[in-house]
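In full-length UniProt numbering, the protein residues as written are 1 to 238.
Backbone N, C-alpha and C fix where the C-beta goes; we use that ideal spot for every residue, glycine too.
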Ligand code: UDP
Ligand code: MG
């Protein structure tokens with residue numbers, strides 16, 4: 001079982017409130033689309049972990065992240081952690097954050113980082129697997145920094161499923177999974193949030209040389225043909 005070296009409690013680590021203090025347009029976007037929780041400052045917290053193999057899977061709503069993750073799990077034996085699924089499970093479980101998460105998802109905004117990171121952390125700690133696909137996270141720079149701070153790790157690679165907006169809208173509105181946010185109004189906000197807050201994360205990883213852009217148009221198998229070699233190349237590291 002994969003465990004971090006430092007003490008397990010408290011599960012929610014505080015991280016510097018300066019993450020929330022951003023300037024100009026980014027700040028306005030952040031205020032509009034994220035639900036801020038007060039963050040306590042606490043110095044000297046930088047939990048260190050062993051070294052699991054981490055892949056972030058990013059892309060707009062309906063780009064096929066979940067579908068391709070299922071193929072990667074099947075072929076390469078990763079543990080799939082969908083941030084959206086973890087949040088939806090939290091709503092079902094009567095958690096203290098349930099109604100806040102529900103409202104945030106309904107509006108297509110971003111749940112506070114410490115809530116999402118805590119859920120991901122819990123799953124990572126209780127898994128026997130060392131290879132994780134983290135799907136739909138980080139959704140903004142603040143998410144990314146919180147993950148690095150709390151988990152003490154960066155992804156080994158990042159996949160970006162690149163899909164035109166009209167195709168994403170079509171897929172989301174046709175998928176019939178009974179999701180409260182799969183309606184045209186919420187989809188519009190989700191696309192705005194993606195462009196304003198998630199693209200900067202994607203650009204960050206592109207600059208770091210960690211990003212692999214996948215053309216998300218085509219059949220599931222055609223898209224997987226682009227994905228497979230990336231994992232095959234990392235097979236022995238993972
Ligand atoms: N969400 C979030 N933080 C995350 C992942 C998801 O706040 O790290 C919320 C957000 O409101 C998002 C919703 O959950 O719009 C659904 O996310 P999911 O990844 O399941 O769906 P996608 O938008 O990729 O279709
Ligand atoms: Mg998904």
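Cβ separation of residue i and residue j, assumed to be a contact under 8 Å, to the nearest whole Å
i	j	result
residue 87	residue 105	7 Å
residue 132	residue 78	6 Å
residue 56	residue 112	About 19 Å; that fails the 8 Å criterion.
residue 182	residue 59	Between residue 59 and residue 182 the Cβ distance is about 16 Å, and since that is not below 8 Å, they are no contact.
Proximity test, residue i beta-carbon vs the ligand MG heavy atom, cut-off 6 Å
i	result
residue 84	yes
residue 66	yes
residue 209	no
residue 62	no
residue 108	no
residue 136	yes
Distance cut-off 6 Å: residue i Cβ against heavy atoms of the ligand UDP
i	result
residue 87	yes
residue 98	no
residue 111	yes
residue 180	no
residue 144	no
residue 105	yes
residue 139	yes
residue 243	One cannot answer for residue 243 here, as it falls past the ends of the chain, which runs 1 to 238.
residue 116	yes
Residues that DSSP places opposite residue i in a beta bridge
i	result
residue 82	135
residue 159	57 and 212
Burial state of residue i, where buried means 16 or more other Cβ atoms lie within 10 Å
i	result
residue 118	buried
residue 61	buried
residue 155	buried
residue 82	buried
residue 68	buried
residue 197	buried
residue 121	buried
residue 146	buried
residue 218	exposed
residue 223	buried
residue 89	exposed
residue 203	exposed
residue 187	buried
residue 229	exposed
residue 180	exposed
Proximity test, residue i beta-carbon vs the ligand NAD heavy atom, cut-off 6 Å
i	result
residue 75	Within the structure as shown, the ligand NAD is missing, the only ligands being the ligand UDP and the ligand MG.
Own chain residues within Cβ distance below 6 Å of residue i, not counting five before or after
i	result
residue 205	158 and 211
residue 115	97
residue 171	62
residue 51	none
Cβ neighbours of residue i in the same chain (closer than 7 Å, five flanking residues each side left out)
i	result
residue 66	82 and 135
residue 200	141
residue 72	78, 133, 227 and 231
residue 102	91
Sequence-distant residues of the same chain with beta carbon closer than 8 Å to residue i, five excluded per side
i	result
residue 175	62 and 182
residue 143	110, 113, 116, 117, 137 and 201
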